[in-house]
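In full-length UniProt numbering, the protein residues as written are 1 to 118.
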């Protein structure tokens with residue numbers, strides 16, 4: 001959690017531990033961990049940057065307005081930000097790192113998580 005930039009209080013750690021024991025049978029895989037941490041990291045990042053600013057930035061990348069950043073939209077955004085195109089393998093690696101649920105797109109939660117981890 002701390003590696004991801006989230007500094008839980010002792011009480012939060014106890015709550016998370018109880019949640020894992022009661023609802024997840026005491027075990028957590030990576031997807032469960034991401035699901036458990038997403039709201040907390042989103043909240044932390046939103047407080048630092050501001051939800052409004054995050055939504056504005058997300059909409060800039062989501063050019064078709066469908067609520068997700070496609071691989072094409074991500075490629076266009078990266079090209080605009082870096083001033084040069086990355087090759088297909090580099091773009092695939094970026095998408096794979098950011099696309100936590102594996103649907104091939106970056107939703108708002110994943111966008112916030114991406115910003116939280118940088």
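Even glycine gets a Cβ: it sits at the ideal position worked out from N, Cα and C.
The region 27-36 makes no contact with the region 76-91: fewer than 3 CB pairs, one atom from each, lie closer than 8 Å. For residue 71, the enclosing alpha helix (DSSP H) stretches over residues 71-82. Here the C-alpha atom of residue 54 lies approximately 15 Å from the C-alpha atom of residue 77. Each residue's CA atom was taken as its position, placing residue 85 and residue 38 some 30 Å apart. In terms of Cα proximity to residue 79, the closest of 66, 61, 68 is 61.
A residue is called buried when at least 16 other Cβ atoms come within 10 angstroms of its Cβ; residue 74 meets this threshold and is buried. Here the C-alpha atom of residue 83 lies approximately 21 Å from the C-alpha atom of residue 64.
Here residue 106 carries a strand assignment [DSSP, helix/strand/coil].
Here the alpha carbon of residue 69 sits roughly 5 Å from the alpha carbon of residue 106. Taking residue 108 as the centre and dropping the five residues before and after it, the same chain places the C-beta of 58 closer than 7 Å to its C-beta, in chain order. At least 8 Å separates the beta-carbon of residue 51 from that of residue 100.
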